[in-house]
Amino acid sequence: MFENGVFIRARLGQGLEGSDYKLLKPNKKKVLIKKRLSKLTFLKPQSYTFSLHPRDDAGIETLANIRGRSINQVAKILANAGDHILEFFAQLRAELAFYMGAMNLYEELSNLNVPVCFPEPYHLDRRVRKFIGLYDVSLALITGKNVVGNELNTIGKDLFIITGANRGGKTTFLRSIGQAQILMQSGIFVPAIYFSANINKKIFTHFYRKEDPQLENGKLDEELKRFDRIVSKIRPNLLLLLNESFSSTNEKEGSEIAKQIVEALIENNIEVFYVTHLYEFAKYFYDQNLDNVHFLRAERKEDGRRTFKILEGKPLPTGYAKDLYEGIFGNQETFVEKYDLSSRV
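Just so we're aligned, residue 1 is where the sequence shown starts under the UniProt record's numbering, counting upward by one.
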């Protein structure tokens, strides 16, 4: 590393020991001249030097120690510089990967001929939700075709309660809300014709999960423990997406738990989207006629068809599960004939 040796500056400290060793930058021209003149004995400049015997291990160790102390600070600076450069390129790689992923996503959505737009964000202390044709990106990519989009135009709402028919698109709508919020706050396009919303500090989700295969916790116990972990981290101006939360117990108890939790959340300025079949819970908020609560419902035609549109509407006491039953088994007479129940004892 140091072909011509090292140039060190030091001073005498206590006990005549060297201290404050510093590595000096050599003048390359002078070093080269001195090196050439050193070959001419009669032109050697006067200097204070000493030589070590090849077997003087203690002397060699002392010089090595002095050399190490003098270059220690420079070595630390170089090591730190190297770490910073590596960290910079690692971060650059991750950020470039994100933008390349965004480009790939845009290309895929363009090939599907589905709409995208750049959103209009609002400050986090506002409550704005305006969009046209908002859809679920993952559903569009899986199906490989244009999917049903939804519209919303609200200001000043803290709680959105989504109810309605089973298999009506409620969970898909909830996913589209979360996806759009993440994409907007990432500074890229959103899967919609138009999208405008307030910024949220963080986004939390609490979705229904399957039964614990280890049988360590009951369903309600597992839900409450997960929610407790969320509550310990949430702060004002966050977005919380709830999907069928607290539905693992009966209607009355689940509604009471949900009511107390949601009231505490909106009192602390948390924005909540809640997909639920808990009619008592939804009716409780509907009867209060609060200005900051908005009610949405999955559309169902009179013949039972689902349009997968989420429209404004008051909660209903039914999820129209009978439609699904008849779609699979038919009506009661068909069910009896299909499974030949009349002949069984």
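All C-beta atoms in this analysis are idealised placements derived from N, C-alpha and C, irrespective of residue type, glycine included. Remember, it's a predicted structure, so these values are computed and weren't measured experimentally.
- In the three-state reduction of the DSSP assignment, N289 falls in the coil class.
- Between N111 and the set K145, L86, Y99, the nearest pair of CA atoms involves K145.
- Considering only D57, A58, H53, A75, the residue with the shortest C-alpha distance to L23 is A75.
- Annotation: R127 is outside any alpha helix (DSSP H) and is labelled neither H nor E by DSSP.
- For the pair of segments examined, the region 280 to 288 was found to touch the region 307 to 320: the number of CB pairs separated by less than 8 Å reaches three.
- Among the bridge pairs identified by DSSP, G164 is matched with A298.
- Bridge pairing for P121: A197 [DSSP].
- Spatial neighbours of F295 in its own chain (CB-CB distance under 7 Å, excluding positions within 5 residues in sequence) are listed in chain order as I161, Y286, E312, G313, K314, P315.
- Considering only D20, R11, L105, the residue with the shortest C-alpha distance to I188 is L105.
- Close CB contacts of T154 within its chain, under the 6 Å cut and outside five residues either way in sequence, are with R129, H294 (chain order).
- For F227, the uninterrupted alpha helix (DSSP H) segment begins and ends at 219 to 231.
- Between the region 264 to 272 and the region 239 to 246 there are three or more inter-stretch CB-CB distances shorter than 8 Å, so the stretches are counted as touching.
- By the neighbour-count definition (other C-beta atoms within 10 Å, threshold 16), M184 is a buried residue.
- Buried is the label assigned to G149, since at least 16 other Cβ atoms lie within 10 Å of its Cβ.
- Under DSSP, S19 takes part in a beta bridge, and its partners are R11.
- Scanning K233, D291, R55, L220 for the CA closest to the CA of F204 turns up K233.
- With contacts defined as CB atoms closer than 8 Å, L278 and G254 qualify as a contacting pair.
- Only buried fits H206, as 16 or more other CB atoms lie within 10 angstroms of its CB.
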